[in-house]
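Numbering (the numbering used here), first residue to last: 12 to 374. Since the structure comes first, as structure tokens, the remarks are kept for the end.
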């Protein structure tokens, strides 16, 4: 017949000598999917979680996650531990051990490096999106600088790379490519090769780096880009730290840039050329330089209230703001939220080849 199940988290006893030290009771959340009430979110695991009776042969899917904001950096090897106890109304009991390493990338850890390592625990490529839902009104008779709710949302992709030192850079595009392993002669058997350097995922910013990294073989990878930006070289952010502070950077579109919204190569009044199409006109005659001052303000919790268990570790975000000059005689301000998820842990762009930083606007 049908059985009623319940689940609860029990504390773990202190481990014996030689085992990973106990950091504390593992903080867990469960995914609530209530289709009838249209409620879908992560909630802290209660003292006891019960489920509707299950018929013979039926299954109950339980999705659990570690609440990373409640973890912090601890000595090497320390683990959060516990026992998941599953019982039914017939007296059956199962106990499942669960554990998680202490998070070195939780918001509370700030800019610390992982266990003395020289590589930032947040190093890698972070991809997500910004959702703009507020904009200023330059002609507003009150405060023209105040951002006011917009009539709708505008979403665009964000790509940020963090290097080994914790420096963050805004990217327009990135290529995720699997670099083949490096084979070397086996010292014990020179007639055979062994892996000297294992295969790994690298993050490239330009097609020109594909051949040096993977050779002339078949390209296997993925291209990620953002249509909201048009620069070709990474733009360095200032401030920080990434994931816990506030970052700022400027993207500049020159007045003669092909992507400048004022310029049109086939329009005589917007090509930055004189009436004889011979001399280049100075800035301000037919087009203007556009600057976008971007601010990423990270928050310890999800500003959208989605309560993801990986927030502060594999997922970060906060408030997004821009100050745009050059489009209007007065500055335009936009605001919203942003979210980033780490998709690769490569600490170096372009596998360490070529420049990784350029001034905003340089093409």
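Glycine included, each C-beta is placed from N, C-alpha and C at the ideal position.
Using a 10 angstroms sphere on the CB of residue 72, the tally of other CB atoms stays under 16, which defines it as exposed. Nearest C-alpha to residue 157 among 344, 65, 203: 344. Here DSSP, grouped into helix, strand and coil, assigns residue 187 to strand. CA-CA distance, residue 202 to residue 209, rounds to 20 Å. Rounded to the nearest whole angstrom, the CA to CA distance from residue 80 to residue 276 is 51 Å. Taking a cut-off of 8 Å on C-beta distances, the segment 142-154 does not touch the segment 191-202, as fewer than three cross pairs fall below it. Not a single unbroken stretch of the alpha helix (DSSP H) spanning 4 or more residues falls wholly within the segment 123-172. Check the Cα spacing between residue 327 and each of 141, 304, 286, 280: the tightest is with 141. Rounded to the nearest angstrom, the gap between the Cα atoms of residue 295 and residue 51 is 52 Å. Just so you know, the alpha carbons of residue 180 and residue 146 end up roughly 25 Å apart.
Taken in chain order, the unbroken stretches of beta strand (DSSP E) that lie wholly in the segment 213-275 and span 3 residues or more are 232-236, 249-251, 257-264. Judged by pairs of C-beta atoms under 8 Å, the segment 16-34 touches the segment 87-105, as three or more such pairs exist. The way I'd put it, the segment 266-275 does touch the segment 299-316; three or more beta-carbon pairs between them come closer than 8 Å. Under the DSSP assignment, residue 192 falls outside any beta strand (DSSP E); it carries neither an H nor an E label. Secondary structure at residue 340: coil, using DSSP grouped into helix, strand and coil. Assignment of residue 202 by DSSP, reduced to helix, strand and coil, places it in the strand class. Residue pairing by DSSP places residue 88 opposite no residue, since no beta bridge is assigned to it. A distance of 7 Å or more separates the beta carbons of residue 132 and residue 78. Inter-segment contact for the segment 249-257 and the segment 303-311 is present: three or more beta-carbon pairs are separated by less than 8 Å.
Taking C-alpha positions only, residue 26 is separated from residue 325 by approximately 28 Å.
Annotation: the continuous beta strand (DSSP E) that includes residue 104 extends over 104-112. Buried is the label assigned to residue 173, since at least 16 other Cβ atoms lie within 10 Å of its Cβ. Rounded to the nearest whole angstrom, the CA to CA distance from residue 161 to residue 148 is 10 Å. Taking every protein chain shown into account, the CB of residue 138 has 16 or more other CB atoms within 10 angstroms, so this residue is buried. The C-beta of residue 313 has 16 or more other C-beta atoms within 10 Å across all chains shown, which makes the residue buried. Taking each of 242, 221, 60 in turn and checking the Cα distance to residue 232, the smallest one comes out for 221. Taken through DSSP and simplified to helix, strand or coil, residue 14 comes out as strand. Straight-line measurement puts the Cα of residue 192 at about 33 Å from the Cα of residue 238.
Across the structure, residue 70 and residue 260 are spaced so that their CA atoms are roughly 51 Å apart. The C-beta of residue 315 has fewer than 16 other C-beta atoms within 10 Å across all chains shown, which makes the residue exposed.
Across the set 337, 263, 249, 353, the C-alpha of 263 shows the shortest separation from the C-alpha of residue 242. In this chain, the beta strand (DSSP E) harbouring residue 308 covers 301-309. Residue 323 carries a coil assignment under DSSP once its states are collapsed to helix, strand and coil.
Less than 7 Å divides the Cβ of residue 187 from the Cβ of residue 355.
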